[in-house]
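Read through the structure below, which is laid out as structure tokens, and then see the notes.
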Amino acid sequence: MQNIDKDLEFAIEKVLCGTWKERKEVIDKVFVEDATFWHLFHNAFGRNNIHGIYQFWALSNWPPLKIKFLRVVGDTKANIAIVDLLEYCNVWPIPPWTFLGGPVMRLHVIFKFRDTPQGKKIYYQEDHSVWSESALLHTFPAIGRLMEEYSMPLIGRMVSGLGLALYQCETSDTHKEVDFQTPDAKQNGRKGSTGLVDIHRDLPKAVEGIFHGSAAQRKAVIQDLYAEDAVVWNLAYTVTGKRAIFGVFNLWCTLNHVNVKINRILPAGDLVMVDAVQEARPKWLPDFIAPWVVWNYIVLRLGDAPDGRGKVIVRHENHPMGTEATFIYNLWIFSYLINFIRRLTGIIWGFTGRVIYLALDTFDTQKDSERHLSDAPTEFVPPERDVPTPNEDS
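Residue numbers (numbering that gives the first Met the number 0): 0 to 393.
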């Protein structure tokens, strides 16, 4: 691949929606031989196994799969790309989906590339299905509209109000009003409200201040980081404005011990995609209880800061992937069992898909042979037979 954005979009469409022949050709072209493929349902090692899994999945859907790209963003220097898409599934072997149509899945896919003489090729693919969001907003859009119209703003007001109330209790206990901007700005080595100047440097610092700092520091960072009318969107709630955003973060951080690790930051103009892992444990639980792990895919839309020296967040979308993290990390010994089953599933699905491909290829080759064979005897035309007429017989 030379142009990651365009070539990757073409490759994904052919692999998921193309014919079984196109699928094989494209996979051989864009994956390296020792590629790996991570999915909640399986682990696949090697290009042949990945090909088998894609054949098995695509041929299990009828009518064929359809996809809609939400965004494709690549970084040629870092050799990484993030793809967001909707996959319209029709898994015919499962009876409810056979008659009613399958779910619409929102996928967050991470690709890593390796430079080869033929261009960039995929050596690692990681598929994340955003399960709750897919069901509530895409598979059943009427429910999603009701949520976005009524329940999410209502829950946002409730959560924000509780967070602000906790903050008021904290400040009333200290009997001291705190200047939220100046002390914390100085403490962080920042002068004034500059927003985000260097995304890779400033964003991790801001996350550190929000989740690991005091309430005063949290408020100062949010004041600096977000636009006046910024929106924070989460599947559970939506809030608008710096005050409400502070209330939401303050409630979560007051009730829980929170640790956030940023795995990657991928900017694309005024759009920034962030993959992060969050560990949270309620403060009333003992320390020997393991924290709950949640994967978060965050999309930030930026605008110019009021002073013109940086960028501020205009819209903050948080797409939690808690279902996958729960199965992989949060079920203790059962998570080990699930990971073992995933490896077996990858082997079985890969083998089944390759067998299906070989059967189709053999059948297609046989059909071609028969067609060519029917045309071959033109070199050996039998002699014409003399057919007697009725007069000659008489």
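For glycine and all other residues, C-beta sits at the position ideal for the given N, C-alpha and C. Quantities reported herein were computed from a predicted structural model and do not represent experimental measurements.
Assigned exposure category for residue i - 16 Cβ within 10 Å defines buried
i: W61; result: exposed
i: F210; result: buried
i: Y53; result: buried
i: D201; result: buried
i: P102; result: buried
i: W283; result: exposed
i: E132; result: buried
i: V196; result: exposed
i: M157; result: exposed
i: K241; result: buried
i: L7; result: buried
i: A80; result: buried
i: F55; result: buried
i: K23; result: buried
i: I3; result: buried
i: W331; result: exposed
i: I288; result: exposed
i: A77; result: exposed
i: Q365; result: exposed
i: K20; result: exposed
i: D306; result: exposed
i: A164; result: exposed
i: A57; result: buried
i: D223; result: buried
Chain-order list of residues whose beta-carbon lies under 7 Å from that of residue i (same chain, five-residue window excluded)
i: V292; result: V276, E278, A324, Y328, N329
i: K185; result: Low local confidence applies: a pLDDT of 42 at K185 is under 50, so the model's placement there is unreliable, with the coordinate-based value given in what follows. None.
i: V238; result: G155, S159, V231, I244, V247
i: A214; result: Y166, E169, N249
i: I26; result: V14, R46, I49, H50, Y53
i: N255; result: A279, R280, P281, K282
i: D303; result: K310
i: R70; result: D83
i: R341; result: F40, H41, N42
i: F9; result: none
Run of the alpha helix (DSSP H) containing residue i, from where it starts to where it stops
i: T322; result: 321 to 324
i: G143; result: 140 to 145
i: A80; result: A80 -> not in any alpha helix (DSSP H); beta strand (DSSP E) instead, spanning 79 to 87.
i: F210; result: 198 to 211
i: D6; result: 3 to 16
i: D27; result: 19 to 29
Enclosing beta strand (DSSP E) for residue i [first to last residue]
i: T115; result: 103 to 115
i: A57; result: First-last for A57: 46 to 58, but that is the alpha helix (DSSP H), not the beta strand (DSSP E).
i: L265; result: 255 to 267
i: D228; result: 225 to 233
i: L301; result: 291 to 303
i: H137; result: No beta strand (DSSP E) contains H137, which DSSP labels as neither H nor E.
i: S128; result: 118 to 128
i: T68; result: For the record, residue 68 in the displayed sequence is Phe; it is not Thr. Note, F68: beta strand (DSSP E), 65 to 74.
i: D306; result: Run containing D306: none; DSSP gives neither H nor E here.
i: M272; result: 270 to 281
Cutoff 8 Å; reference residue i; Cβ partners in own chain excluding five residues on either side
i: L135; result: I142, G143, M146, L234
i: L106; result: V82, D83, L84, L85, E86, D126, H127, S128, V129
i: W91; result: S59, N60, W61, T97
i: I221; result: I209, K241, I244, F245, F248
i: P290; result: H256, N258, E278, A279, R280
Whole-angstrom C-beta distance between residue j and residue i, which should lie under 8 Å
i: Y225; j: I154; result: The pair is not a contact, with the Cβ atoms about 20 Å apart (cut-off 8 Å).
i: A34; j: I49; result: 6 Å
i: V259; j: V206; result: 5 Å
i: V29; j: K111; result: Actually they do not touch by this definition, with Cβ atoms about 13 Å apart.
i: I312; j: A229; result: 6 Å
6 Å CB neighbourhood of residue i in its chain, flanking five on each side removed
i: H174; result: Interpretation of H174 is limited by its pLDDT of 39, a score under 50 that renders its predicted location unreliable; no figure is taken from the coordinates.
i: F44; result: T35
i: P203; result: I261
i: N266; result: Here the sequence assigns Pro to residue 266, which means Asn is not the residue at that position. These residues qualify, in order along the chain: I198.
i: I337; result: F326
i: Q1; result: G118
i: K67; result: L85
i: M151; result: Y236, T237
i: G345; result: H41, N42, A43
Residue i Cβ short of 8 Å to the ligand FMN heavy atom set
i: K111; result: The ligand FMN is absent from the structure shown, which contains no ligand whatsoever.
Contact with chain C by residue i, beta-carbon distance below 9 Å
i: F326; result: Going by chain labels, chain C is absent from the structure shown, which holds only one protein chain.
Report yes or no: do three or more beta-carbon pairs, one from the stretch 297 to 308 and one from the stretch 262 to 270, lie closer than 8 Å?
-> yes
Answer yes if the stretch 56 to 74 comes into contact with the stretch 8 to 19, meaning at least three C-beta pairs across the two stretches below 8 Å, and no otherwise.
-> yes
Tell me, please, whether the stretch 312 to 319 touches the stretch 347 to 359 by the rule of three or more beta-carbon pairs shorter than 8 Å.
-> no
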